[in-house]
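Let me begin by presenting the structure, written as structure tokens, before commenting on it.
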Amino acid sequence: MRMQRMTFTLLSTVLAWGHPAVAAAVEKSTRSTPIPSAQELAENVDLLGGAVETELIFQEVSGGRPSVVNGAVSDGAADLMIRVELRTRVDGVMGMLKAGETVPYQRVRVTIENLTTTDVDKTLTVELPPQVTRAHGWSYASNILLPPQQGTTNPFEDQYRITVTVQPRETMVLHDDATPPSPLWRSASPLTAIDEDTVSFAGVTALPAGNVDEATARTTAFTSAKGLLSTDVAGARTVFTTTLQPWMLGLEDATLYAASHGLTTEVLADLEDNPRLALEQQTVRGDCNRDGIQGAECQQWADKGMQRGFVMAVLAHMDAALQRVDDGDLSLTAGAAHEWDLAWGYFQAVRSTAVSRETNCLTGPPAELTLQDCAMVAALDDAFVDGMNAILLDDGNGLGGFARTVETRLVKVYYYATTRYLMKMLKAVADVVTYNSARAEGRAFSTSIAHTLPAADRTAVDQAFAVRDPASFNAAVAVDVVSRLNNALEGTHLGAAELLDPQDMTEVVP
Amino acid sequence: MRLASLLMILVTLASAGCDECEYSAECSGVDASITRSDAGTGTPTPASVAVERAVTLVERPIANGLASLKLEILPPQDVEAPPGLPLGDFLASGSADIWIHANIRYSAALVGGRNVGDMVPYLRVGLEITNEDDGRRLSTNLVPVVSVANGVFYARNLSLGSSVGAATSHYSVRVVIRRPALLGADADAVSPGIVIGEDMVGAEAGTFLDDVATVITSHFSLDDLREQQVSTGTGGTPSTGGTSSSSGGGYIAP
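Heads up: the sequence lines are chains Y and F, in that order. Residue numbers for the first sequence follow my numbering, so the first one is 1 and each next one is one higher. Residue numbers for the second sequence follow my numbering, so the first one is 511 and each next one is one higher.
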């Protein structure tokens, strides 16, 4: 007789493994900010020919059994939890039966590099252990103390590069029908699942987000050269020649700018010439080395001529950022985020001018001109930060609007500066040196917005500033200049509340 | 014959050891590879163990219905297996006489499962097969195997003939399913250590995350593995090839 099979389940007993059934706590680091909800950082739907998709998610620090920090058992402090979901995209591929099934038995490693810090402790690599939760099912996850792991700076304000690699565990046994194996189950080297270098955990609240050394070096050189203008022109010239001149020559390339700016080859032709000639004490548009008048006029052309280079650099790098967005390259190393960062970096050279003009505007008459809306600086700062967040958090959507804000706010600064020196000229008609210093300053300022004017107005404005004899300059000329500027800029760059009433020039008392 | 059968059943029950068995090295062979117990003296011919058809030993819900288990015996399967697996290398098909596998799959999109039918990963599946003729016991584990046709399951090629020998009566089978190893604690190469998320901690009881192991027993005879064997009688019969779609199925016997 054949033995009849009897199948039965034996009751099991509780095993003493020594693990308490309570979640161990992980301390939230005091330096980081709360995370309201789980957020996706990156996604790759192309892994292994699209058979597998990877999602990189960050969320609030969470305990567990055991609690884990940086891939190891720990109840120490952490900034956030990083979770990687590795799922099949279609049914029946590579040994996974259902679309959406988590791919198990993988070594999922995450490398996090802090792109903002200068700390040597800026890179962290951890293996994420498998985690099972009620909310998310199986994934690979760990609490993370972001690099640098020491320090109190809020890590959410930094930018990171995150690389996720996937490699099958070497212990996986492959059935004959799974050979030759897919790289999902047998691979001597890790597959890169995600390589994202514009990672921001909460957006930025300040810039730069990455490396802007080149902009900082030029801004520092500008500040240095400007500081030497009144005492050591030769020294200022050396700084300009070695650090700024080749760069400004490069900025004369009209192809760096969107056509909408009106920055033609003709308009840009004297970008490098003006500050160089001024530093060489040569004539600039008939100013500077004329009739032995050198010091003040040359200083203004040198200073404002260099400033103009920085304004152009801001526009060029914003345009480059927009182009990178169109190209799909958002990266912080060479893509849109980097270009935007550089635009911000070059803006720092002229930010003090914006601050000064806003202060002047808020001072108002009789010492200064005023506008109904004097705001300049905050809008610029905010637009740069918002633009970066548009790149980092929203694939660059809306960046064009923030670039436009920066552009128009810069125009406002230089519009106000130009008109302010018209006023200064009117005030100084009795003092030819002061008058011509103000004239050269206003004229040099106007070159930063000359491209916004029709050619005829551009010429007319420059000719008005070319009047060297104070007796030939009067309020009517100033009114004409302001009117031309207003006509060109109202509606295109500035609102009515941001424009000077041309008749204000008639009220200037010498 | 009736009396003999009854006696055989009683022997089977006795050799199962305990109805409520604490999982231990002694019970499960955690620290042993394929071993031969000291009991018994017979040396059956290995060739006498041959699987001519798929046999389903167990097909039932486990973990309070959260998952299903299908335990099957098939002919040895060709695999590509790395060396150094816990509890012994994976036998090549030519060195084995049976293949036993456990398909453990979610029955609900709960406790980690996204879909019904998803594989429950990282479990530690211990296996004991005892020759009830003489008490010789094979203790090993089933390791994760991936198959394009059948997904990921737990399995091994085994050589009953060269380990516990050919049983003239039957073999008892004992499968102990332990929760996945926890990170940093009891991990090994096939269960590398998981973390039970905060929202699951305290709710593991009765699931496959419970510290309580699930123990399943069954038995089979060499007759059950033969092609000419016809399904008859009560108390469970061998299947004629795994076809369960929910479990990913088995292999059709040659």
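Here a beta-carbon is modelled for each residue, glycine too, at the ideal position from N, C-alpha and C.
Does the beta-carbon of residue i have 16 or more other beta-carbons within 10 angstroms, so that it is buried, or is it exposed?
{"i": "serine 446/Y", "result": "buried"}
{"i": "serine 448/Y", "result": "buried"}
{"i": "proline 510/Y", "result": "exposed"}
{"i": "glutamine 106/Y", "result": "buried"}
{"i": "proline 571/F", "result": "exposed"}
{"i": "aspartate 469/Y", "result": "exposed"}
{"i": "glutamate 40/Y", "result": "exposed"}
{"i": "glutamate 737/F", "result": "exposed"}
{"i": "aspartate 46/Y", "result": "exposed"}
{"i": "aspartate 548/F", "result": "Unreliable positioning characterises aspartate 548/F in this predicted model, as indicated by a pLDDT of 32, which lies under 50. The coordinate reading is nonetheless provided below. Looking at its Cβ environment, which holds fewer than 16 other Cβ atoms inside 10 Å, aspartate 548/F is exposed."}
{"i": "glutamine 299/Y", "result": "buried"}
{"i": "threonine 152/Y", "result": "exposed"}
{"i": "glycine 286/Y", "result": "exposed"}
{"i": "glutamate 214/Y", "result": "exposed"}
{"i": "glutamine 348/Y", "result": "buried"}
{"i": "glutamine 149/Y", "result": "buried"}
Just the C-alpha distance for residue i and residue j, rounded to the nearest angstrom, thanks.
{"i": "leucine 719/F", "j": "tryptophan 344/Y", "result": "53 angstroms"}
{"i": "serine 260/Y", "j": "valine 93/Y", "result": "51 angstroms"}
{"i": "serine 187/Y", "j": "alanine 313/Y", "result": "47 angstroms"}
{"i": "arginine 109/Y", "j": "valine 725/F", "result": "35 angstroms"}
{"i": "valine 705/F", "j": "valine 84/Y", "result": "14 angstroms"}
{"i": "aspartate 270/Y", "j": "alanine 450/Y", "result": "12 angstroms"}
{"i": "serine 437/Y", "j": "valine 461/Y", "result": "17 angstroms"}
{"i": "alanine 142/Y", "j": "asparagine 70/Y", "result": "In the sequence under discussion, the amino acid at residue 142/Y is serine, which differs from the alanine named in the question. So the alpha carbons of these two residues sit roughly 6 angstroms apart."}
{"i": "alanine 390/Y", "j": "asparagine 397/Y", "result": "6 angstroms"}
{"i": "glutamate 113/Y", "j": "leucine 124/Y", "result": "6 angstroms"}
{"i": "alanine 25/Y", "j": "threonine 717/F", "result": "23 angstroms"}
{"i": "aspartate 588/F", "j": "valine 722/F", "result": "34 angstroms"}
{"i": "alanine 690/F", "j": "glutamine 59/Y", "result": "Residue 690/F is actually proline in this sequence, not alanine. Taking the straight line from one Cα to the other gives about 24 angstroms."}
{"i": "alanine 564/F", "j": "leucine 86/Y", "result": "33 angstroms"}
{"i": "asparagine 289/Y", "j": "alanine 258/Y", "result": "35 angstroms"}
{"i": "aspartate 327/Y", "j": "leucine 380/Y", "result": "25 angstroms"}
{"i": "phenylalanine 473/Y", "j": "alanine 430/Y", "result": "11 angstroms"}
{"i": "glutamine 131/Y", "j": "proline 66/Y", "result": "10 angstroms"}
{"i": "glutamate 714/F", "j": "aspartate 319/Y", "result": "56 angstroms"}
{"i": "alanine 606/F", "j": "glycine 622/F", "result": "34 angstroms"}
Would you say residue i and residue j are within 8 angstroms of each other, going by their C-beta atoms?
{"i": "glycine 671/F", "j": "serine 558/F", "result": "yes"}
{"i": "leucine 422/Y", "j": "valine 481/Y", "result": "yes"}
{"i": "glutamine 245/Y", "j": "arginine 276/Y", "result": "yes"}
{"i": "isoleucine 144/Y", "j": "aspartate 79/Y", "result": "yes"}
{"i": "leucine 207/Y", "j": "glutamate 590/F", "result": "no"}
{"i": "tyrosine 616/F", "j": "valine 635/F", "result": "no"}
{"i": "alanine 522/Y", "j": "threonine 419/Y", "result": "Nothing in the structure corresponds to residue 522/Y, since chain Y is present only between 1 and 510."}
{"i": "asparagine 651/F", "j": "leucine 597/F", "result": "yes"}
{"i": "leucine 648/F", "j": "valine 73/Y", "result": "no"}
{"i": "glycine 575/F", "j": "proline 129/Y", "result": "no"}
{"i": "leucine 256/Y", "j": "alanine 316/Y", "result": "yes"}
{"i": "aspartate 628/F", "j": "glutamate 53/Y", "result": "no"}
So, with DSSP's three-state summary, where would you put residue i?
{"i": "alanine 699/F", "result": "coil"}
{"i": "glutamine 106/Y", "result": "strand"}
{"i": "threonine 363/Y", "result": "helix"}
{"i": "methionine 710/F", "result": "coil"}
{"i": "asparagine 436/Y", "result": "helix"}
{"i": "asparagine 474/Y", "result": "coil"}
{"i": "arginine 185/Y", "result": "The question names arginine, yet the displayed sequence has tryptophan at residue 185/Y. Coil."}
{"i": "isoleucine 520/Y", "result": "Past the boundaries of the shown model lies residue 520/Y; chain Y is included only from 1 to 510, so the question cannot be answered."}
{"i": "threonine 241/Y", "result": "helix"}
{"i": "glutamate 407/Y", "result": "helix"}
{"i": "glycine 759/F", "result": "Any reading at glycine 759/F must be qualified, since the residue scores a pLDDT of 27, below 50, and its modelled position is unreliable; no value is offered."}
{"i": "glutamate 590/F", "result": "strand"}
{"i": "serine 679/F", "result": "coil"}
{"i": "glycine 671/F", "result": "helix"}
Taking 8 angstroms as the CB-CB cut-off, is residue i touching chain A?
{"i": "proline 129/Y", "result": "The displayed structure is made up of protein chains Y and F, and chain A is not among them."}
Looking at the strands, I want to know which residues DSSP matches up with residue i.
{"i": "arginine 516/Y", "result": "Nothing about residue 516/Y can be read from this structure; chain Y reaches only from 1 to 510."}
{"i": "arginine 634/F", "result": "Arg688/F"}
{"i": "isoleucine 614/F", "result": "Leu579/F"}
{"i": "glutamate 358/Y", "result": "None, per the DSSP bridge assignment."}
{"i": "threonine 219/Y", "result": "Partner(s): none; threonine 219/Y has no beta bridge."}
{"i": "proline 130/Y", "result": "Tyr140/Y"}
{"i": "asparagine 651/F", "result": "Gly636/F"}
{"i": "tryptophan 609/F", "result": "Leu584/F and Asn667/F"}
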